[in-house]
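Asks: Dropping a structure here in structure tokens format, bear with me for questions.
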Amino acid sequence: DQQVKQNSPSLSVQEGRISILNCDYTNSMFDYFLWYKKYPAEGPTFLISISSIKDKNEDGRFTVFLNKSAKHLSLHIVPSQPGDSAVYFCAASAGRRGGATNKLIFGTGTLLAVQP
Amino acid sequence: NAGVTQTPKFRVLKTGQSMTLLCAQDMNHEYMYWYRQDPGMGLRLIHYSVGEGTTAKGEVPDGYNVSRLKKQNFLLGLESAAPSQTSVYFCASRWLAGEYNEQFFGPGTRLTVL
Numbered sequence: 308d309q310q311v312k313q314n315s316p317s318l319s320v321q322e323g324r325i326s327i328l329n330c331d332y333t334n335s336m337f338d339y340f341l342w343y344k345k346y347p348a349e350g351p352t353f354l355i356s357i358s359s360i361k362d363k364n365e366d367g368r369f370t371v372f373l374n375k376s377a378k379h380l381s382l383h384i385v386p387s388q389p390g391d392s393a394v395y396f397c398a399a400s401a402g403r404r405g406g407a408t409n410k411l412i413f414g415t416g417t418l419l420a421v422q423p
Numbered sequence: 057n058a059g060v061t062q063t064p065k066f067r068v069l070k071t072g073q074s075m076t077l078l079c080a081q082d083m084n085h086e087y088m089y090w091y092r093q094d095p096g097m098g099l100r101l102i103h104y105s106v107g108e109g110t111t112a113k114g115e116v117p118d119g120y121n122v123s124r125l126k127k128q129n130f131l132l133g134l135e136s137a138a139p140s141q142t143s144v145y146f147c148a149s150r151w152l153a154g155e156y157n158e159q160f161f162g163p164g165t166r167l168t169v170l
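In order, the protein sequences belong to chains A and B. Mapped onto this note's numbering, the consecutive letters of the first sequence carry residue numbers 308 to 423. Mapped onto this note's numbering, the consecutive letters of the second sequence carry residue numbers 57 to 170.
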């Protein structure tokens, strides 16, 4: 039973356009959501996050939107750059902030390719 | 400040052999984790530790053991490797009061079991 789903294995966009990566979850107890970016042969790096008390969080070119009623979040990258080409993982956790037992549940990832 | 480091980067084992993967972090983080990444499966938690001397099972613990004798190190052991353990292994760590539970990852160890 996959609690965090990324239904698009890959996405290709043109440089300068918007990239939209989607993530769905099933566990209503999740209250923190994170996006990680992963280049080949490297570990994932934290990109941006959002708490369930918010519906939007923005950091430069990256914006994450959360729709709790639909159990859906999305990552928008505007404008997309070739250096953004990577695998993007969505992750979720439940419970009190700071607890190690608030394990991260990861989606399967979406490979983004930004074409010059 | 090296962050999270993993040793070795690559390893090839024969079925039945044993090995230990080492994870080290210099950020004084309390929590440490071991994940495996397989195609189409995302990252799955194997074991984790909430502090020196403690360990706990994650989502896929079978076939693995861990130890956290020092706060900065988290070891993952395979006692009798199986081809199903061919994977990329990532270690991660997190501060006790980390915002949004963000974890910091090492570069990974690619393990092949023949």
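Cβ coordinates follow ideal geometry from the N, Cα and C atoms, glycine included.
DSSP on Q310/A, reduced to helix/strand/coil?
Replies: Collapsing the DSSP output to three states places Q310/A in coil.
Asks: Report all residues from its chain with a CB closer than 8 Å to the CB of K361/A; omit the five preceding and five following residues, and keep chain order.
Replies: L373
Asks: Relative to the alpha-carbon of Q23/B, which residue among N84/B, A138/B, T76/B has its alpha-carbon at the smallest distance?
Replies: Coverage of chain B is limited to positions 57 through 170, which leaves residue 23/B absent and any answer about it impossible.
Asks: Given that G164/B touches chain A, what residues does it touch there, using C-beta distances under 8 Å?
Replies: A348, E349, G350
Asks: Determine, using beta-carbon pairs with one atom in the stretch 71-89 of chain B and one in the stretch 101-118 of chain B, whether at least three such pairs fall under 8 Å.
Replies: By the Cβ test, the stretch 71-89 of chain B is in contact with the stretch 101-118 of chain B, since at least three Cβ pairs between them sit closer than 8 Å.
Asks: Is it right to say E158/B is buried, meaning 16 or more other beta carbons lie within 10 angstroms of its own, or is it exposed?
Replies: buried
Asks: DSSP has E135/B in a bridge; who is on the other side?
Replies: Its beta-bridge partners do not exist; DSSP assigns none.
Asks: Assuming V394/A and T417/A are in contact, meaning their beta carbons sit under 8 Å apart, how far apart are those beta carbons, in whole angstroms?
Replies: 7 Å
Asks: Assess contact between the stretch 310-321 of chain A and the stretch 345-364 of chain A, defined as three or more Cβ pairs (one per stretch) separated by less than 8 Å. Is contact present?
Replies: no
Asks: With distances taken from CA atoms, which of S400/A, L328/A, T415/A is nearest L338/A?
Replies: Going by the sequence as given, residue 338/A is Asp instead of Leu. Cα-wise, what sits closest to D338/A is S400/A.
Asks: Could you tell me whether the Cβ of G250/A comes closer than 9 Å to any Cβ of chain B?
Replies: Missing from the structure shown is residue 250/A; chain A here goes from 308 to 423 and no further.
Asks: If you follow the beta strand (DSSP E) that K344/A is part of, which residue opens it and which one closes it?
Replies: 337-345
Asks: Using Cβ-Cβ distances below 7 Å, what residues of the stretch 392-403 of chain A are close to chain B?
Replies: F396, S400
Asks: If I'm right that L78/B touches N121/B with Cβ under 8 Å, what's the distance once you round it to whole angstroms?
Replies: Not a contact, Cβ separation roughly 14 Å.
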